[in-house]
């Protein structure tokens, strides 16, 4: 089976390339497991049990289930997914970064472009894959906003920036398309991970530090500063329908009133790219 209809529907509904790849993968693996194309509810149960026996995580099993659910329910219109229970998402405790640790992390980075990149992630809460695709024209200096083009879920959004980021951005401002340039276009997510990992080591931060932890810190520190959770959800660009319902009354004018947590860090007098 070549899953032509599945590929078409995923494309029409504008699923991300990552999600489409996963849905195709698990549907192919399911048929390889069953060794037949006419499948039943019991086959689905057996496949999920097979994944559990392999000690697959709850999130992996949910992804496999959702892949099959989409194909057999939405496309083939077959009733084989009813009454199949799957495990809840893995509950992981995130050991977050304090504002002081964020300041240390940023301060030890000597490369101006790398430093600006990390400032952007914390100041705005963007994902690493969104940050590397930011273009110079996406930074709205006067409004202190960043436009995130085709973020997760293929939706554009705006998020806040800090005064400090804007000042450093002005110094690094160039006419090139992407703000963070790589060898063949923009910087890669892998490069972002390496930059942050090295900075954490140089700063003496013992916990594991990765790009998403800065996004997590952005949200946590805003919440600690009494920012309405609806605004935080909008800034982060979450697409869950129940979450999105909370955004209805949140406008750009509301967003522009929010102060980035990056602006609340107490910096040393000379610790800025402008003074570098």
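Numbering (the numbering used here), first residue to last: 19 to 294. For each residue, glycine too, the CB sits at the ideal point set by N, CA and C.
In the three-state DSSP reduction, residue 30 falls in the helix class (H, G or I). In this structure, DSSP gives residue 204 an extended state, which the three-state scheme calls strand. For residue 116, there is no enclosing beta strand (DSSP E), as DSSP marks it with neither H nor E. The three-state secondary structure of residue 164, taken from DSSP, is strand.
Here DSSP, grouped into helix, strand and coil, assigns residue 226 to coil. For residue 37, no beta strand (DSSP E) segment is defined; the enclosing uninterrupted segment is the alpha helix (DSSP H) at 35–52.
Contact check for residue 159 against residue 220 fails: the beta carbons are separated by 7 Å or more. Taking the C-beta atoms as reference points, residue 44 is found no nearer than 7 Å to residue 76. Of 182, 245, 131, 285, the smallest CA-CA separation from residue 214 is found for 131. Setting aside the 5 residues that flank it on each side, residue 104 is surrounded in the same chain by 79, 80, 83, each with a C-beta closer than 6 Å to its C-beta; the list follows chain order. By the beta-carbon neighbour count (other beta carbons within 10 angstroms, threshold 16), residue 150 is buried. Straight-line measurement puts the Cα of residue 282 at about 51 Å from the Cα of residue 21. Taking the Cα of residue 146 as reference, the smallest distance to any Cα among 229, 47, 249, 196 is reached at 229. Straight-line measurement puts the Cα of residue 195 at about 6 Å from the Cα of residue 153. Nearest C-alpha to residue 286 among 70, 122, 95: 122.
Within a 10 Å sphere around the beta-carbon of residue 113 sit fewer than 16 other beta-carbons, which makes this residue exposed. DSSP places residue 176 outside any alpha helix (DSSP H); the residue lies instead in the beta strand (DSSP E), whose first and last residues are 175–178.
In this structure, the straight-line span from the alpha carbon of residue 86 to that of residue 280 is close to 43 Å. Secondary structure in the stretch 61–142: the alpha helix (DSSP H) runs of 4 residues or longer, each lying completely within the stretch, are 76–87, 117–125, 130–142 in chain order. Contact annotation: the stretch 29–36 does not touch the stretch 65–75, with fewer than three C-beta pairs closer than 8 Å.
About 11 Å separates the Cβ atoms of residue 142 and residue 184, ruling out a contact at the 8 Å cut-off.
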